[in-house]
Amino acid sequence: MNIYQAIWDADMNGNGIRPMFNKECTELSHGYVVVNSKISQFEHHIFNEVYLPEHKSDSYQLVQALFDNFTLNQTSKEKILEKESLEVEEFLRYVIQTPPIEIAKQYIKRQIHKNFTEEEWYTHLYDLWFRPFNFESGKDLTGFEHVFIGEQKGKNLAGHHFWYKHWLEENGELNPLHKDQIDINHSKNNKKVACTPDFISVGYCINAYDYEKQRYINLLKKKCAFFVGVSAEGLMAMGTVRAMLQDLIPEEFSINNSCYKLGLYMSPDGKSIRTLYPFLL
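Counting in UniProt numbering, the sequence shown tops out at residue 281, every number present.
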């Protein structure tokens, strides 16, 4: 079984948004993301057009509510408010019921021959994605913040592997800050043509907003890779399978006839995701 393709398909039939190079004849209820195929000519926007159907919006609203819950600088300790803890719980209670996460759960159960109660499964997801840990100079790090939001590391941006976050930041009229935050970096990493709309690898500068300091900080992301169109639960399902079955499944896999690996680094104790990102083979 190609678990990653199964998760992708379930996500596209759920809250995922179908990526494409041209707005083809598509069922509007699926939604769509029109990707600029000529990376060297991005000028600015990676996504030419995005249509997010109303019936899929809950997933995106719940994950977006978490974007301002973390300090930007990874060396800063987090001040976790009760409101923020409740937002995390609401998000996790939602995604745990979605098809991509359920498919991941059933697959993991079969691979490791273990059943999970609902609360055990919730705890596994929380520990993988939201449990704070320290590493080197980093304080209160979480896999969710790194992968879905991004962190300041000196003058660079670390993480930031969620297409929806990128889309919000390159469209000032859509994000709460009302500012166009991304400037595509025309580096050698961008001088190529995308071969699939499902995946982007690009370098850019970003005016990342520091909610703790209440100001913008210009950061460089030399190269960033992410899947396009996957929902938060779709990306979490892939990452959960990768993290929990590291030595039990092949590293290489295909989605829609393109071959990938998922880069993974864990916390020092191996209980939480440090980073997760795709790369095209």
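Glycine included, each C-beta is placed from N, C-alpha and C at the ideal position. Just so it is clear, the structure is predicted and the values come from calculations on it, not from any experiment.
Can you list, in chain order, the residues of its chain with a C-beta nearer than 8 Å to that of ILE101? Leave out the 5 residues immediately preceding and following it. Mapped onto the sequence shown, residue 101 falls at position 101. Taken in chain order, the residues that qualify are VAL95, LEU125, GLU233, MET236, ALA237 and THR240.
Short Cβ contact (8 Å threshold) for TRP121 with THR142: Counting from 1 along the sequence shown, the entry for residue 121 is found at position 121. Counting from 1 along the sequence shown, the entry for residue 142 is found at position 142. No, the pair does not count as a contact, with Cβ atoms beyond the cut-off.
Give the straight-line distance between the Cα atoms of ALA243 and THR275, rounded to the nearest whole angstrom. As a position in the sequence shown, residue 243 is number 243, starting the count at 1. As a position in the sequence shown, residue 275 is number 275, starting the count at 1. In a straight line, the C-alpha of ALA243 is about 10 Å away from that of THR275.
Give a yes or no on whether the C-beta atoms belonging to GLU87 and ASN69 are separated by under 8 Å. As a working mapping, residue 87 is identified with position 87 in the sequence shown. As a working mapping, residue 69 is identified with position 69 in the sequence shown. Yes; because the gap between Cβ atoms is below 8 Å, this pair is in contact.
Alpha carbon of LEU52 to alpha carbon of ILE17, nearest angstrom: In the sequence shown, residue 52 corresponds to position 52, counting from 1. In the sequence shown, residue 17 corresponds to position 17, counting from 1. Answer to the nearest angstrom: the Cα atoms are 7 Å apart.
Would HIS166 and ILE182 be called neighbours here (beta carbons separated by less than 8 Å)? Position 166 of the sequence shown holds residue 166. Position 182 of the sequence shown holds residue 182. Yes, these two residues count as a Cβ contact at 8 Å.
Cross-strand partners of ALA10 (DSSP beta bridge): The sequence position of residue 10 within the sequence shown is 10, counting from 1. Answer by DSSP bridge pairing: none, since ALA10 is not bridged.
Rounded to whole angstroms, what is the Cα-Cα separation between GLU212 and GLU90? Along the sequence shown, read from residue 1 onward, the residue named residue 212 stands at position 212. Along the sequence shown, read from residue 1 onward, the residue named residue 90 stands at position 90. Between GLU212 and GLU90, the C-alpha separation is close to 23 Å.
Bridge partners of ASP210, per DSSP? Position 210 of the sequence shown, counted from the start, is the residue given in the question as residue 210. Note: ASP210 sits in a beta bridge opposite ARG215.
State the Cα-Cα distance for the pair GLN5 and LEU157, rounded to the nearest angstrom. If you number the sequence shown from 1, residue 5 lands on position 5. If you number the sequence shown from 1, residue 157 lands on position 157. About 29 Å.
Tell me PRO278's beta-bridge partners as DSSP assigns them. Taking the first residue of the sequence shown as position 1, residue 278 is located at position 278. For PRO278, which the question treats as bridged, DSSP gives the partners LEU262.
What's the call for SER117, buried or exposed, on a 16-neighbour Cβ count within 10 Å? As a working mapping, residue 117 is identified with position 117 in the sequence shown. The residue you asked about is not Ser; residue 117 is Thr in the sequence shown. Taking a 10 Å sphere around the C-beta of THR117, we find fewer than 16 other C-beta atoms and assign the residue as exposed.
Can you tell me which of the three DSSP states PHE116 falls into? On the sequence shown, residue 116 is found 116 positions in, with the first residue counted as 1. Correct three-state label for PHE116: coil.
Give the DSSP-derived three-state secondary structure of PHE253 in the structure shown. Position 253 of the sequence shown, counted from the start, is the residue given in the question as residue 253. Here PHE253 sits in strand by DSSP.
How about TRP163: is its C-beta nearer than 8 Å to some C-beta of chain C? No chain C appears in the structure shown, which is made up of a single protein chain.
Using the beta-carbon count (16 or more within 10 Å), is GLY229 buried or exposed? Locating residue 229 in the sequence shown gives position 229, counting from the first residue. So GLY229 counts as buried.
What's the gap between the Cα of LYS155 and the Cα of LEU219? In the sequence shown, counting from the first residue as 1, residue 155 sits at position 155. In the sequence shown, counting from the first residue as 1, residue 219 sits at position 219. Their Cα atoms are separated by approximately 5 Å.
Neighbourhood of LYS222 by C-beta, 6 Å cutoff - its chain only, sequence neighbours within 5 removed: What you label residue 222 is simply residue 222 of the sequence shown in a count that begins at 1. Taking LYS222 as the centre and dropping the five residues before and after it, the same chain places the C-beta of GLY203 closer than 6 Å to its C-beta, in chain order.
Per DSSP, which one or two residues make a beta bridge with LEU141? On the sequence shown, position 141 is the one that residue 141 refers to. Answer by DSSP bridge pairing, in chain order: PHE133.
Take THR196 and list the residues in its own chain whose beta-carbon comes closer than 6 Å to its own, dropping the five residues that flank it on each side. Along the sequence shown, read from residue 1 onward, the residue named residue 196 stands at position 196. So the list reads SER258, once near-sequence residues are dropped.
From LYS139, HIS113 and ILE206, pick the residue whose C-alpha is nearest to that of ALA171; which is it? The count along the sequence shown starts at 1 and reaches residue 171 at position 171. Contrary to the premise, residue 171 reads as Asn rather than Ala in this sequence. Taking only the C-alpha atoms, the option nearest ASN171 is ILE206.
Leaving aside the five residues before and after VAL147 along the sequence, list all residues of the same chain whose C-beta is less than 6 Å from its C-beta, in chain order. Here residue 147 corresponds to residue number 147 of the sequence shown, with the count starting at 1. Excluding residues within five positions, the ones whose Cβ falls inside 6 Å are GLY159, HIS161 and LEU276.
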